[in-house]
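Chains as they are written, first to last, in full-length UniProt numbering: chain A, 1 to 819; chain B, 1 to 211. Working notes, structure below.
If you want it as structure tokens, here you go:
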């Protein structure tokens, strides 16, 4: 059959449904049928499933003209999705198309939730389209005879590729694809991505570095841009609106009419804790919402989340308070309005959330922005501009993630075994490992076979063995089982399950929170007041409580940083402020605050770098305002404190937010000295950063993931606790052991590399420092704290830098006594 | 760098390795070495550096040289798990040690006592010497002062500016002293002392009273 005829089949199907294929869909069909690989840039809810599933079916029809009477066995395509929740929707759409065309093709799902029986059935006879997650694909590669299983494969589609790209699951995908390319000679690889700043790079990461293959690939953009309207909720009385804070409850009443006037409203918060609190407070103040208000975040049990998602579709809910757990995936047609509470910190995230509303063509999506403190109104103003100008962040892919490579190599060793020279050729074509050296490769092989030691006769290290034929293979059944269990385990050694005494599962909670409580204490979680009955193993058993409790569950981490794109626009907004232009309603509303700021200090222009000093009861404050986002400030404050401490003995306490950072000391700091000594220099940046306090602590945190992924720490499944009493160890302990005895270990070093590249954003830090050296430094000695400084100096999360000896420091510290 | 204390008129040195030297008995007490833990992990596929285990012997030699004891008493959890190749290292060490070796067995000591006895090591559940009771698990007995291990005690130190640090320690109550874990791949359990307790923290080769 000719291409035109094939495409006509799909078009007919669209017409039968009274639809019309979009140009991007037809473009994708044609490219696919020409045998091309590619990346499709299309937003959620645009019909991307049909853009790629249709040509897979057409290809099958082309190769099997008598497809109606005779079905060809074997898997045809794999559809990768980062979220299990999305798979059902895709399955229904794909199955409908396959059935209507009478192809007899089957669509199956395989994720961590798929029952064992179903999985075994799939292995005997694969569905034609398999919808699965990156982890489950890895598990398939860990099963014997996988090459035969995948022999008939013609296409892999990676959905939501932008989501995987900046994570280690993306690396997992790159490695998996490198293997599939070899064992399936007719494979086509396609990705689907939302708009990000680096789409071309995303395409390259997906397809690998093979030049011929890249040249034959396409990037297709669904050019339809949605109109997005941003409305800020501006406090009526600016005078009483707080200068700091992160909850935003002051404006709670403002959103009530918005909720009431709209069919369904999604209220996005930035953290799970904030989500719990907003849900609680909304119900408390407006009991009339009871039964029509729900909550959705990553720690709530899957059943509840699915129920909420279904209820949104049924229009049985008025509003849902959510976190990023609702950012992705399935469409919720009834959603009319979106409210964002607090700065979303990034344009892409904001756009994605805005896009969740109102899918009626031609009409604009409306998103309300609710500031949690006064200065966030500048962020709102900046966001509006960013949306208008379509400034979008990049997703930075990981490089040389040895932990994932080690996991992958053991995976291959568990199934059929591998020959290093063959696999090396494959992984060298991936984006992540294109720069791997021979030494690094040998180190990885040595790690899995000899435990990164030279051969010693008393060593009993056992993981991967080498057969006389040179095949790397796992022979121990126990090692194989432990490895399979550890693929895809959620990284967190401090998560506890919350269950009713009677058995129902409510969600997961961090140990640090529940650790503070005694049986009988109550807390609020998942919108319910619960009483802790007992802690057993990794389960917190609870029962419902009628008592009132203000102890809302909280979660660690989750603080996001302002993206560099947002930071830049923010600085430009301030420039307009310094010029007293008051261009936007947000900036107009901030007039009194800016007046106060200018009374004490200045509003910095684009070419100015502001430093403020003042004295309070707490000591001498020095505040710097680079406006570069929390992570860069974290690094820069440590760096600067370290460099200043070299000039004279001094002790600092450090604090930072998205706008600036503070060095607090018991002695005044001579800012002129800082300027004269050129302390913002990028020279010796790397070695100075290493010496500045927090690098080791941050790396220690990063090492947790690395230890789990590379198999140094075994966790088992959360609900299948495996007896490993003598194998208990924490990643913390391992980190110390590596530091003391094997500092050249690549995994240990990777923890530092990730800290610099992804946590401290070394690249951005360098650019920011370069910018500052070209700016005019303005030092203001103020009488009292300025509005800009207020959120920073009241931040309680502080770190300290000191050049004193540890033993001397300990002598000054106090023992934490029993309360 | 050591800390000298007196209990029931007898004299003890708290050593920065985590050992205690009893002057009157000329005895070195050591708790929770967990020999063989590194090998145990390696056997099950976790690549813990094997150098971490040889460091235990270095520490042991250091403490022996400093005090030159007649007797070494291990307060339990000498070996982490079943027999593995680290046993051979231990055999060599035990044969070359001039001091008498006693093992008060702990919950991890699942290796047969005969194996130890073959090396001339006497094994017991607990040991009474004058008014002192040496056990693995912290024990209270009328009229006795108890030395024990098992807990791997650690404490959390806090300073101004929200700094905090966790340290291994000797933990002394009125009739009890718990030794820190001697082994270097063992971790610690953070205790929250009350006003009556005395805590000696180990910091950079020094033992410092912090309570």
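Using N, Cα and C, we set each Cβ at its ideal position, and we do this for glycine too.
Residue 168 of chain B carries a strand assignment under DSSP once its states are collapsed to helix, strand and coil.
Put simply, of A:501, A:528, A:527 and A:507 the residue whose alpha carbon is nearest the alpha carbon of residue 519 of chain A is A:501.
Residue pairing by DSSP places residue 540 of chain A opposite A:498 and A:535 in a beta bridge. When DSSP states are grouped into helix, strand and coil, residue 122 of chain B belongs to the strand group. At a cut-off of 7 angstroms between C-beta atoms, residue 469 of chain A does not count as an interface residue with respect to chain B. Around the beta carbon of residue 522 of chain A, 16 or more other beta carbons lie within 10 angstroms, which makes this residue buried.
In the DSSP assignment, residue 79 of chain A falls outside any alpha helix (DSSP H) and lies within the beta strand (DSSP E) extending over 77-80.
The residue from A:526, A:565, A:524 and A:504 with its alpha-carbon nearest to that of residue 539 of chain A is A:504. Excluding its 5 nearest sequence neighbours in each direction, residue 585 of chain A has C-beta neighbours in its own chain below 8 angstroms: 232 and 234, listed in chain order. Between the stretch 44-64 of chain B and the stretch 182-189 of chain B there are three or more C-beta pairs closer than 8 angstroms, enough to call the two in contact.
Boundaries for residue 28 of chain B: no alpha helix (DSSP H) harbours it, while the beta strand (DSSP E) harbouring it runs 27-30, taken from the DSSP string.
Counting along the chain, residue 713 of chain A sits inside no alpha helix (DSSP H), nor does DSSP assign it H or E at all. Just measuring C-alpha positions, the residue of B:37, B:46, B:71 and B:68 sitting nearest residue 55 of chain B is B:37. For residue 283 of chain A, the uninterrupted alpha helix (DSSP H) run begins and ends at 272-285, by DSSP. Buried is the label assigned to residue 132 of chain A, since at least 16 other Cβ atoms lie within 10 Å of its Cβ. Residue contact check for residue 472 of chain A against chain B: no CB pair falls below 7 angstroms. Under the DSSP definition of a beta bridge, residue 188 of chain A partners with A:155.
Residue environment analysis places residue 658 of chain A among the buried positions, since at least 16 neighbouring C-beta atoms fall within 10 angstroms of its C-beta. Of the other Cβ atoms in all chains shown, fewer than 16 fall within 10 Å of the Cβ of residue 595 of chain A; this residue is therefore exposed. Counting only runs of 3 or more residues that sit fully inside the stretch 337-406 of chain A, the beta strand (DSSP E) segments are 365-370, in chain order.
Among the residues facing chain A, residue 185 of chain B is included, as its CB has a counterpart in that chain under 7 angstroms away.
Neighbourhood of residue 462 of chain A in chain B, by CB distance below 9 angstroms: 42, 43, 44 and 45, in chain order.
Taking the CA atoms as reference points, residue 240 of chain A sits about 20 angstroms from residue 281 of chain A.
Residue contact with chain B for residue 479 of chain A: present (Cβ-Cβ distance below 7 angstroms to some residue of chain B). Judged by beta-carbon spacing, residue 625 of chain A lies beyond the 7 angstroms limit of residue 637 of chain A, meaning their Cβ atoms are not closer than that value. Taking a beta-carbon distance threshold of 7 angstroms, residue 53 of chain B does not count as an interface residue toward chain A.
In this structure, residue 392 of chain A lies away from residue 561 of chain A, with their beta-carbon atoms at least 7 angstroms apart.
The C-alpha of residue 740 of chain A is placed about 18 angstroms away from the C-alpha of residue 165 of chain B. Sixteen is the threshold: since fewer than 16 other Cβ atoms of the shown chains lie within 10 Å of the Cβ of residue 683 of chain A, the residue is exposed. Proximity of residue 452 of chain A to chain B, defined by a Cβ-Cβ separation below 7 angstroms, is satisfied.
It is roughly 13 angstroms from the alpha-carbon of residue 198 of chain A to the alpha-carbon of residue 163 of chain A.
Residue 72 of chain A has its alpha-carbon roughly 12 angstroms from the corresponding atom of residue 153 of chain A. Exclusion of the five residues before and after residue 709 of chain A leaves 168, 403, 404 and 407 as the residues of its chain whose Cβ lies within less than 7 angstroms of its Cβ. Assigned with DSSP and collapsed to three states, residue 775 of chain A falls in coil, not helix or strand. Listed in chain order, the positions of the stretch 702-715 of chain A with a beta carbon within less than 8 angstroms of a beta carbon of chain B are 711, 712, 713 and 714. The distance from the Cβ of residue 77 of chain A to that of residue 155 of chain A is about 4 angstroms, consistent with a contact at the 8 angstroms cut-off.
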